[in-house]
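Chemist: Got a structure for you, written out below as structure tokens; questions coming shortly.
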Amino acid sequence: MYTDMAENQHDSVTEISAKRGEIFLQDENNQPYPVAVNRELQMAYAVPREMKDALGSVERLSSILGLDRELLKNKLDDPNDMFEILKHKLSEQEAQDIRDAKIDGIYLKGENFRYYPAGELAAQTIGFVGSNGGLQKGMYGLESFWEQALRGEAGSIKQEGDARGRWIPVSDRDVQAAKHGPDLVLTINHTVQFEVEKIVKETMEKFSADSATVIVMEPKTGKVLAMANQPSFNPNEYSQTEDIGHFVNPAVSEPYESGSVFKAFTEAIGLDDGKITPTMTYVDTGVVKEAGYEIRNSDLKANGVQTMTQVLEESLNTGVIYIEKLVGNRNFAEYVKRFGFGEKTGIDLPSEVGGNIKNLNNLKSDINFFTASFGQGISVTPIQLTAAYSALANKGVLMKPQIVDKLVFSDGHEEMIPPQEVRQVISEAAAEQTSQMLRAVVVNGHGKRADVPGYLVGGKTGTAQIAKAGARGYEEGINVGSFAGYAPINDPQFVVLVKIVNPKGVEWAESSAAPTFGKVMKFLLEYHKVKPTEDPKTSPLAKMVSVPVEVETATVVHAQEDDKKDDKKDDKKK
228 MYTDMAENQH DSVTEISAKR GEIFLQDENN QPYPVAVNRE LQMAYAVPRE MKDALGSVER
288 LSSILGLDRE LLKNKLDDPN DMFEILKHKL SEQEAQDIRD AKIDGIYLKG ENFRYYPAGE
348 LAAQTIGFVG SNGGLQKGMY GLESFWEQAL RGEAGSIKQE GDARGRWIPV SDRDVQAAKH
408 GPDLVLTINH TVQFEVEKIV KETMEKFSAD SATVIVMEPK TGKVLAMANQ PSFNPNEYSQ
468 TEDIGHFVNP AVSEPYESGS VFKAFTEAIG LDDGKITPTM TYVDTGVVKE AGYEIRNSDL
528 KANGVQTMTQ VLEESLNTGV IYIEKLVGNR NFAEYVKRFG FGEKTGIDLP SEVGGNIKNL
588 NNLKSDINFF TASFGQGISV TPIQLTAAYS ALANKGVLMK PQIVDKLVFS DGHEEMIPPQ
648 EVRQVISEAA AEQTSQMLRA VVVNGHGKRA DVPGYLVGGK TGTAQIAKAG ARGYEEGINV
708 GSFAGYAPIN DPQFVVLVKI VNPKGVEWAE SSAAPTFGKV MKFLLEYHKV KPTEDPKTSP
768 LAKMVSVPVE VETATVVHAQ EDDKKDDKKD DKKK
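For the sequence shown, the working numbering puts the final residue at 801, and the numbers step up evenly by one.
Shown next, in the form of structure tokens:
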């Protein structure tokens with residue numbers, strides 16, 4: 228008997244699907260808040276050959292499913308047809324109405340779909356699952372970066388059967404269990420993300436800006452608490468997004484010339500290298516000439532004797548050029564690299580770019596180093612800037628940006644992802660001095676509208692030109708306003724970067740990015756119940772830096788005969 232069975236037996240393999248790991252933010256109690264989950268929805272399909280009155284059912288089906296009558300007629304008019312999909316992703320009401328209708332040859336089948344219960348919230352960070360060659364896989368964001376882990380590994384059941392498909396009891400059964408994908412719990416706080424996105428949308432509307440990005444980071448850990456971009460999209464309806472560029476996360480994928488926010492690093496480099504002090508002075512002549520170019524301050528003024536702190540307060544291009552000269556090109560380039568510019572941060576997001584600091588490769592090209600000292604001629608990403616400002620806030624230590632806090636596996640065990648220190652960029656003393664100088668910018672300089680009453684806030688504005696795509700020079704009348712900073716200065720808890728592309732009706736970042744920063748920082752400090760610090764209107768440092776301690780005259784390099792102005796001469800100051 229067994230011999231006869233063996234002659235007709237065959238192997239049957241049934242796949243056991245793995246559950247895709249879900250993605251969660253954290254709420255105020257550090258509890259998971261779902262943003263990407265698995266959801267079973269019903270599909271309606273027809274078997275026309277089983278329908279007693281196919282055409283007579285068209286009207287009823289059209290009413291239940293909201294489908295065009297002609298479309299339904301075309302699907303149901305072949306009496307020999309075995310299978311026709313009518314509609315995917317039925318609502319609960321539609322599915323129940325189909326069940327209640329009891330139409331011959333009309334069936335429901337459960338299908339697993341990725342669902343994003345928070346809609347647009349953190350969409351470019353989360354990404355979405357889409358169809359690629361008939362297969363469902365992560366597209367963009369964390370869904371893409373963590374695709375291999377999230378999808379898990381399918382299992383299988385292998386068993387011998389006879390020619391009629393019946394199991395043979397005497398055969399061996401081979402079961403390979405599926406390995407479900409782990410859940411991701413992010414560092415992003417749901418409430419913070421929601422509030423920051425709200426502020427970003429308000430900013431976009433107020434200034435009719437082309438786009439905007441805000442990042443919130445813990446400087447001591449590198450953990451990202453919020454990453455908000457506009458325009459955005461709804462991952463539940465990604466196929467309806469007209470501009471697929473909205474899927475890309477500009478926080479990691481779109482480098483730009485940051486302008487004067489970069490001056491904080493030039494000052495920090497000078498301090499760490501022992502070439503300057505906060506109270507050291509130089510004579511601002513209003514212009515630096517090099518290789519036939521003129522570089523001026525954005526206010527087009529010669530301000531005379533200025534301290535290094537006043538260079539930051541007034542955003543003087545000539546001042547940071549003076550510092551760069553003291554440091555030297557080779558040394559300056561090495562410091563820029565140590566701050567993490569020119570290389571990817573390694574954050575767990577796809578399509579990250581490292582920016583472009585190639586202009587610093589030619590150590591003999593002084594003009595490139597002069598413009599780099601105030602953030603032009605080199606490009607950086609928002610996440611790089613945020614991480615680098617975090618180094619200033621974190622006693623000079625650069626941390627790797629972190630967006631995934633832990634993995635939770637199907638058996639319940641958790642794998643925490645610890646913060647990762649990259650390197651000590653500058654000394655703790657230099658970082659502290661830079662922080663105090665950034666506080667002076669908010670008290671005395673162009674950052675006043677970024678302040679939060681009762682707290683020690685420090686930061687720097689930057690209004691930069693936008694380089695022409697594929698051509699030399701810069702776009703006319705278009706700029707990027709940025710503000711980067713942190714608080715409280717005496718014990719930094721949050722670093723915030725604001726980037727606004729082409730804000731209308733304002734010329735300087737002090738009127739666009741700075742107040743946006745102030746709104747975000749005020750919310751953060753109050754939401755996290757950070758104790759206010761009594762702060763006199765004028766800090767001791769602000770009083771101190773107005774007193775010249777040592778006076779040095781900046782060396783002005785004379786222009787060559789062709790005394791043309793540099794296309795990239797003016798970081799728009801403030």
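Even glycine gets a Cβ: it sits at the ideal position worked out from N, Cα and C.
1) If you compare alpha carbons, which of Ser371, Phe434, Ala263 is closest to Ser578?
2) Once you ignore the five residues that flank Pro344 on each side, which residues in its own chain have a CB closer than 6 angstroms to its CB?
3) Near Val397, which residues of its chain fall below 6 angstroms by C-beta distance, leaving aside the five closest residues on each side in sequence?
4) Which residues in the same chain have their Cβ closer than 6 angstroms to the Cβ of Met431, if we skip the five residues on either side of it in sequence?
5) What does a CB cutoff of less than 6 angstroms around Ala560 pick up in its chain, not counting 5 residues either side in sequence?
6) When you measure from the CB of Lys433 to every non-hydrogen atom of the ligand SAM, does any distance come out below 8 angstroms?
7) Give the C-beta separation of Asn265 and Asn339 to the nearest angstrom, bearing in mind that I take them to be a contact with Cβ-Cβ under 8 angstroms.
8) For Asp575, which option in Lys329, Glu277, Gln351 has the closest C-alpha, if you only look at C-alpha atoms?
9) What residues in its chain sit with their C-beta under 8 angstroms from that of Asn717, if we drop five residues either side in the sequence?
10) Given Ser480, which residues of its chain have a CB within under 8 angstroms of its CB, disregarding the five upstream and five downstream residues?
11) Would you kindly report the start and end of the unbroken beta strand (DSSP E) that includes Val441?
12) Reducing DSSP to helix, strand and coil, say where Val423 ends up.
13) With 16 as the cutoff for other CB atoms within 10 Å, does Ala495 come out buried or exposed?
14) Helix, strand or coil for Ile462? Go by DSSP, reduced to three states.
15) Leaving out five residues on either side along the sequence, give the residues of the same chain with a beta carbon under 7 angstroms from the beta carbon of Glu277.
16) Quick check: what's the CA-CA separation for Lys447 versus Glu659?
17) Cα-Cα, which of Gly357, His473, Trp373 is closest to Asn463?
18) Which of helix, strand or coil does DSSP assign to Lys302?
19) Can you grab the Cα-Cα spacing for the pair Glu484 / Thr598, in whole Å?
20) Go to Met507, then tell me how far its alpha helix (DSSP H) extends in each direction, as first and last residue.
21) With a 10 Å radius around its C-beta and 16 neighbouring C-beta atoms as the bar for buried, classify Asp833 as buried or exposed.
22) What separation, rounded to the nearest whole angstrom, lies between the Cα atoms of Val774 and Glu551?
23) Is the separation between the beta-carbon of Ser269 and that of Lys302 shorter than 9 angstroms?
24) Assuming contact is defined by CB atoms lying nearer than 9 angstroms, are Glu267 and Gly337 in contact in what I supplied?
25) Return the first residue and the last residue of the beta strand (DSSP E) that Lys316 is part of.
26) Pick from Ala405, Ala455, Thr545: whose alpha carbon is nearest that of Phe210?
27) Across which residues does DSSP place Arg266 in a beta bridge pair?
28) Using the DSSP secondary-structure output, state which residues sit across from Ala714 in a beta bridge.
29) Would you kindly report the start and end of the unbroken alpha helix (DSSP H) that includes Phe355?
30) Report buried or exposed for Met664, applying the criterion of at least 16 other Cβ atoms within 10 angstroms of its Cβ.
31) Give me the DSSP bridge partner(s) of Lys516.
32) Could you check if Arg565 is buried or exposed, using at least 16 other CB atoms within 10 Å of its CB as the buried criterion?
33) So, using beta-carbon positions, are Val285 and Glu311 closer together than 9 angstroms?
34) In terms of alpha-carbon separation, which member of Ser542, Ile630, Ile548, Ala322 lies closest to Glu517?
35) Let's see if you can read the secondary structure: which residues bound the beta strand (DSSP E) around Glu648?
36) Tell me the rounded alpha-carbon separation between Ile522 and Ile415.
Modeler: Judging by the given coordinates:
1) Ser371
2) Pro261
3) With a pLDDT of 40 at Val397, under the threshold of 50, the modelled position of this residue cannot be trusted, and the question is left open.
4) Ala439, Gln457
5) Leu587
6) The ligand SAM is absent from the structure shown, which contains no ligands of any kind.
7) Sure, about 6 angstroms apart at Cβ, within 8 angstroms.
8) Gln351
9) Leu683, Thr760
10) Scanning its chain for C-beta atoms nearer than 8 angstroms, with the 5 sequence neighbours on each side dropped, one finds around Ser480 the residues Ser578, Glu579, Val580, Thr608, in chain order.
11) 438-444 is the extent of the beta strand (DSSP E) around Val441.
12) helix
13) It counts as buried.
14) It should be noted that the sequence gives Pro, not Ile, for residue 462. The answer is helix: DSSP assigns Pro462 an H, G or I state.
15) Annotation for Glu277: Asp331, Gly332 place their beta carbon closer than 7 angstroms to its own, counting only its chain and skipping 5 residues before and after.
16) 14 angstroms
17) Gly357
18) Correct three-state label for Lys302: helix.
19) 10 angstroms
20) From DSSP, Met507 is part of no alpha helix (DSSP H) but of the beta strand (DSSP E) over 507-511.
21) Residue 833 is absent from the model: the chain starts at 228 and stops at 801.
22) Confidence is the limiting factor: at Val774 the pLDDT is only 38, short of 50, which leaves the residue's position unreliable, though a coordinate-based value still follows. Answer to the nearest angstrom: the Cα atoms are 23 angstroms apart.
23) The sequence given here has Gln at residue 269, not Ser. It is not a contact, given that the beta carbons lie outside the stated cut-off.
24) yes
25) 311-317
26) Residue 210 lies beyond the residue range present for the chain, which begins at 228 and ends at 801; the question has no answer from this structure.
27) Phe340
28) Phe721.
29) That residue, Phe355, is in no alpha helix (DSSP H); its beta strand (DSSP E) goes 355-359.
30) buried
31) Paired residues: Glu521.
32) By the C-beta density criterion, Arg565 is buried, having at least 16 other C-beta atoms within 10 angstroms.
33) no
34) Ile548
35) From DSSP, the beta strand (DSSP E) with Glu648 extends over 648-651.
36) 42 angstroms
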